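Contents: one structure, followed by commentary.
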Amino acid sequence: MKSKLITKWPEKASNRSMLRAVGYTDYDFNKFQVGIASTWSNITPCNNHINVLSKAVEFGVNKFCKSTIFNTITVSDGISNGNLGMKFSLLSREIISSSIETVCNAQSFDGLVSIGGCDKNIPGCILGMCRLNIPSIFIYGGTILPGKNRTDIISVFESLGKFFSKKINEKELLEIEKNSIIGSGSCSGMYTANSMAIVAEVLGISLPNSSIQNAQSINKIINCLNSGKLIFNLLKNNIKPKNIININSIKNAIKVISFLGGSTNCILHILSFIDCLKINFSLQQIKEFSNNLPNISDLKPSGKFFISDLINSGGIQKFLKFLIEENIIDGNTLTITGYSLKENLKFIKTNYINKLLKCLNFPIKKTNQIKILFGNLAQKGCVAKISGKEGETFLGKTKVFNSEEESVEFIYKNKIYSKTIIIIRFEGVKGGPGMREMLTPTSALIGVGVKKNIALITDGRFSGGSHGFVVGHVSPEAYEKGEISLVKDNEIIIIDSINNNLIFFINKKKLLKRKQNFINYSKISFGILNLYRKMSLDSSKGSGFNY
């Protein structure tokens, strides 16, 4: 027991005295010590109920072990989107994981249960678990229900474009603002939080069927209560994240999230897990492995349905069992239950097909919405999300911006011609710094009505709610003198998701000459953003700290 470093009698009497002051009894010193990492915050509806969940976890764990709740930060991607606050979003993943690692090591916890809701605290919790490599469980805070008239946060972002293009008036915009987000839970489509919750379940580090649940439901409380016996069994059998997360479970997660049309951010976060655990699996290998997987999901952002609709139709367990029975995913991977993914599903029937999840032989799109592309504009790769509704290839002339703000101002005030490729650069992990999401410009394009005729390329990221012809995570980024920094207005680029290429049509000699005259448009950074700029890996490796 690692915790004997702080509980052993009589050598640690002073430590024990401190612990008695926060509620420890004689019996508690001989139990496994379990940290409960709560990401509670009143900053965002994704997390403002997690204090209730952490108390339920505490009650469940204390039946078998001794638990201690501690907090870590969260930021709201929805609130920080479209402003300088988004520079801190991806960075918060590193702060969350580092704070969990710090507290658990300082307090000598034997095990960990972490609870996350918003986009970055889910991968932040998982990264913390990977770095610690002690018996651990992740619990997802759950999804929010859709608002009035089946609206959500993306409805509000897209309504702004409609307002600025005079398609709706101020009263209509206010009505959408007031009624789109009601209650607690993470954004209601197959956006980043729900996508990453599914990744966690398929990896095997969260409870079976816990990724597709409403935040304010009895099932979510039951998950929390059940975590006590599970963490005790993990501790007795010394089952750690490195025993569970491996190349096979990673492949399972990528396959499932590809079938379901998940967020491009999943690739970034999975790459960070791969880097942390030193798993030999690159972005190029992910491309070869995943690009031709079909998409069967009619879930938002490009589809019609919400996660709550998927819950009402039976969730994803039937689908997972079908994938195992057809040898599409590996059912033998270990999970936190102590059983394999296949064994967890042995009582589930396999008739998964419904109006939300189509038959694999008759998919919504024959190839993955998430596409890994390479080419002379992205020599280390990039991640696109292409639903297919706008076509599979896009050839157009460029309109270049050196920040998100420049692009949004232009979109709202100017006519954008058909077959334009908007370039937003110096928004990468170092150039931003922080690798902001481009939800505001993509939503603005949809709101003003040019979605089908416009593409967008950036070295920044996209929200899980972004849709259209969008390409992000371009690496090398502009700050590192990547080719995206050399593009000028009215030059020709092709985005080819059939052959998985991103090609900039330019003479090599001209490109070399431009490199010699490189101009860095990146903003000066201070404080922790400057630290992130200095320490971060590029997006092809997950944009985490370079430890």
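Each residue of the sequence shown is one higher than the one before, starting from 950 at the first, in my numbering. Glycine is no exception: its CB is placed at the ideal position from the N, C-alpha and C atoms. All values derive from a computational prediction rather than experimental measurement.
By the Cβ neighbour-count rule, residue 1377 is buried, with 16 or more other Cβ atoms within 10 Å of its own. Within its own chain, the residues whose Cβ lies closer than 8 Å to the Cβ of residue 1454, once the five positions on either side in sequence are excluded, are 1440, 1441, 1442 and 1443, listed in chain order.
The segment 1206 to 1213 makes contact with the segment 1128 to 1143: 3 or more CB pairs, one atom from each, lie closer than 8 Å. Counting the other CB atoms within 10 Å of its CB gives residue 1068 a total of 16 or more, which places it among the buried residues. The DSSP-derived three-state label of residue 1427 is helix.
Here residue 971 is exposed: its Cβ has fewer than 16 other Cβ atoms, across all protein chains shown, within 10 Å. Using a Cβ-Cβ distance cut-off of 8 Å, the segment 1224 to 1239 and the segment 1104 to 1122 are not in contact, since fewer than three pairs of beta carbons, one from each stretch, lie closer than that value. Secondary structure at residue 1415: coil, using DSSP grouped into helix, strand and coil. When rounded, the separation of the alpha-carbon atoms in residue 1218 and residue 981 is 30 Å. For residue 1445, the enclosing beta strand (DSSP E) has its first and last residue at 1441 to 1445. Between the beta-carbon of residue 1092 and that of residue 1257 there is about 6 Å, and that keeps the pair under the 8 Å contact cut. A straight-line Cα-Cα distance of about 5 Å links residue 1301 and residue 1267. A direct Cα-to-Cα measurement between residue 1314 and residue 1203 gives close to 17 Å.
When the beta-carbon positions are compared, residue 1427 and residue 1375 come within less than 8 Å of each other. Between residue 1396 and residue 1027, the gap from beta carbon to beta carbon reaches 8 Å or more. Residue 1015 and residue 975 do not touch by the CB rule: their CB atoms are close to 11 Å apart, not below 8 Å. For residue 1349, the beta-bridge partners assigned by DSSP are 1372. By the CB criterion at 8 Å, residue 1345 and residue 1379 fall outside the cutoff. Taking all protein chains in view, the Cβ of residue 1281 is surrounded by fewer than 16 other Cβ atoms within 10 Å, so the residue is classified as exposed.
Scanning the segment 1051 to 1108 from its first residue to its last, the whole beta strand (DSSP E) runs of 3-plus residues come out as 1060 to 1065 and 1085 to 1089. For residue 1217, DSSP assigns no beta-bridge partner whatsoever. For residue 1135, DSSP records a beta bridge to 1092. Per the coordinates, the alpha-carbon of residue 1085 lies some 30 Å from the alpha-carbon of residue 1036.
Residue 1155 is bridged by DSSP to 1087.
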